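Chemist: Sequential numbering of the sequence shown, starting at 1, is according to the UniProt record's numbering.
Every residue, glycine too, gets a C-beta built ideally from N, C-alpha and C.
These numbers come from a predicted model, not from an experiment.
My questions all concern the structure below.
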Amino acid sequence: MSATQVPTQQPKLRFLQSTLQNFRLVINHVVWLAKGSPVSIILVMGPTGTGKSTFINSVSGSKMRIGTGLQSETAAVERTEPFQVGSQRVVLVDTPGFDDTMKSDRDVLTVINDYLARLHWEHIKIQGIIYLHRITDNRMGGTALRNFKMFQAMCGHDAMRNAIIVLNMWDQVGKEVREARMAELRDSDIFFKPAVEAGARVLPHDSTPSSAVAILTCLLERKPVSLQIQVETVDDHMAIAQTAAGMALLGHLGTMENKHVQELIRLRKELESSEDEKERKELQEIRMSLEQAGRKMADEQVRLQGMKGPVRRQTDEPAPPRWRLRGIARMDRRGTVP
Ligand SMILES: Nc1nc2c(ncn2[C@@H]2O[C@H](COP(=O)(O)OP(=O)(O)OP(=O)(O)O)[C@@H](O)[C@H]2O)c(=O)[nH]1
Ligand SMILES: [Mg+2]
């Protein structure tokens, strides 16, 4: 090729390249439209009453029911319509806590796991998990610890990079107290430290929409993941009781049953030594309710052990090919995600 030919051929080449590039863009756009626009799925977890639904409503414009009384409000997995955060479309998924007033922990695990399994079956990955904790709580009690353990067991070590522990109601507590509580929660082995070491972040939330957007934005920078329980139940066909979350729950139920047994032994001794009729009657009533609670714990363990994995879709149609979804949820033509 002579030196004089170069200037005449380069514009032609550039023209061809840019035409090809435009053609590719158009094709990509058509394919993108045909598939529906991608959305990022973010789960919101935490004990009942920590403000999960309030958080979701504040940033998505949804109208999830907010609890006003002492009872748990969100009993099922509910999701928002897709909404915009920066350049991305997001769906937030509200979940019941593992201390629901009406549902057993086994029921809660089942409803969350069924939803997660369905996503995994569709090859839809999770963009992030938000775990809400009230900074106003002056104790990390058994309920909060149980919820956090279940969250950890469901997500697994690798998904912790996609998790943010949100300290809710931040502005309800004085500066010094909240800073001290945050440090203790973050640095204690029995609280959030293992999750933080695995990559989870701990962020305050002052109840404003802008603070919620900042939290979501942090999660949108991560690469979507599958949660441990999704892999265990869908890919590895484990029964619920064999999963880390199932075992954590069985462990909790076993401990509670043991506590009831110990309490019953103590009560029996008290009953034997008591001669006061009124006191004996009261002790009998306590014993009956303890026995009933103990039976319920034992029954829950048996039921959990007998549970199979999540129920697949009713039809036996094969899962969609991986190239269709590539790890992010896509709305179908009606604009919905699973
Ligand atoms: N002060 C204050 N109150 C809040 C905040 N978030 C939630 N609440 C209140 O806490 C209560 C429970 O809020 P919800 O959003 O229903 O909590 P939830 O975690 O969805 O509860 P469940 O659905 O029962 O699991 C409601 O009375 C809310 O008004 C907050 O950031 N600040
Ligand atoms: Mg709720």
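Using alpha carbons as the reference points, say which of Q17, D99, D235, G246 lies closest to G141.
Modeler: Residue D99 is the option with its Cα nearest to G141.
Chemist: Can you list, in chain order, the residues of its chain whose CB lies under 8 Å from that of M247, leaving out five sequence neighbours each side?
Modeler: Here the set comprises A153, A241.
Chemist: As a quick exercise: from P11, R161, M64, Q305, pick the residue whose alpha carbon is nearest that of L250.
Modeler: Looking at the Cα atoms, Q305 is the closest of the given residues.
Chemist: Distance, Cα to Cα, V111 vs W121?
Modeler: The alpha-carbon atoms of V111 and W121 are separated by roughly 15 Å.
Chemist: With three or more C-beta pairs closer than 8 Å as the rule, is the segment 38 to 53 touching the segment 127 to 143?
Modeler: Contact between the segment 127 to 143 and the segment 38 to 53 is present, because at least three Cβ pairs lie under 8 Å.
Chemist: Within 10 angstroms of its Cβ, does M102 collect 16 or more other Cβ (buried), or is it exposed?
Modeler: Under this definition M102 is an exposed residue.
Chemist: Taking 8 Å as the threshold, find out whether the segment 82 to 101 comes into contact with the segment 213 to 221 through three or more Cβ pairs.
Modeler: The segment 82 to 101, when compared against the segment 213 to 221, does touch it at the 8 Å Cβ threshold.
Chemist: Once DSSP output is grouped into helix, strand and coil, what is the label at G128?
Modeler: Residue state, collapsed to three classes: strand.
Chemist: Helix, strand or coil for R89, going by three-state DSSP, please let me know.
Modeler: Three-state DSSP puts R89 in a strand.
Chemist: For residue 339, verify whether its CB is less than 8 Å away from any heavy atom of ligand 2.
Modeler: Given a span of 1 to 338 for the chain in the structure shown, any question on residue 339 remains unanswerable.
Chemist: Just the Cα atoms here: how many angstroms apart are S58 and E257?
Modeler: Rounded to whole angstroms, S58 to E257 spans 40 Å at the Cα level.
Chemist: Is L43 helix, strand or coil by DSSP?
Modeler: L43 falls in the strand class under three-state DSSP.
Chemist: Give the secondary structure of R322 by DSSP, where H, G and I count as helix, E and B as strand, and everything else as coil.
Modeler: Residue placement at R322 cannot be trusted, given a pLDDT of 47 that sits under 50; what the coordinates show is reported in the next sentence. Of the three classes helix, strand and coil, the one that applies to R322 here is helix, per DSSP.
Chemist: Starting from the Cα of N147, find the closest Cα among I190, L271, R287, V231 and give me that residue.
Modeler: N147 has its Cα closest to that of I190, out of I190, L271, R287, V231.
Chemist: Going along the chain, which residues of its own chain have a beta-carbon closer than 8 Å to the beta-carbon of R303, five neighbours each way excluded?
Modeler: Closer than 8 Å at the Cβ level, and outside the excluded window around R303, lie R106.
Chemist: Going along the chain, which residues of its own chain have a beta-carbon closer than 6 Å to the beta-carbon of L264, five neighbours each way excluded?
Modeler: These residues qualify, in order along the chain: L290.
Chemist: Give me the DSSP bridge partner(s) of residue 339.
Modeler: As shown, the chain starts at 1 and ends at 338. That puts residue 339 outside it, with no answer to give.
Chemist: Shorter than 8 Å, the distance from the beta carbon of E73 to the closest heavy atom of ligand 3, or not?
Modeler: The model depicted lacks ligand 3 and carries ligand 1 and ligand 2 instead.
Chemist: Any chance the segment 161 to 174 sits against the segment 188 to 207, with 3 or more Cβ pairs inside 8 Å?
Modeler: The segment 161 to 174, when compared against the segment 188 to 207, does touch it at the 8 Å Cβ threshold.
Chemist: Which partner residues does P204 have in the DSSP bridge list?
Modeler: DSSP lists L167 as partners of P204.
Chemist: Near L219, what residues of its chain come up, given a Cβ to Cβ distance below 7 Å and the 5 sequence neighbours on each side ignored?
Modeler: Contacts found: I42, Q127, G128, N162, I164.
Chemist: How long is the line joining the alpha carbons of R322 and A293, rounded to whole angstroms?
Modeler: Per-residue confidence for R322 stands at a pLDDT of 47, beneath the threshold of 50, marking its modelled position as unreliable; no derived number is given.
Chemist: Nearer than 8 Å: is that true of the beta carbon of G246 relative to any heavy atom of ligand 2?
Modeler: No - ligand 2 has no heavy atom lying nearer than 8 Å to the Cβ of G246.
Chemist: Considering only their Cβ atoms, is the gap separating V234 from P310 smaller than 9 Å?
Modeler: A contact, by the Cβ cut-off of 9 Å.
Chemist: Would Q228 and A180 qualify as a contact pair, given that the criterion is a beta-carbon distance under 9 Å?
Modeler: Not in contact: Q228 and A180 (Cβ atoms no closer than 9 Å).
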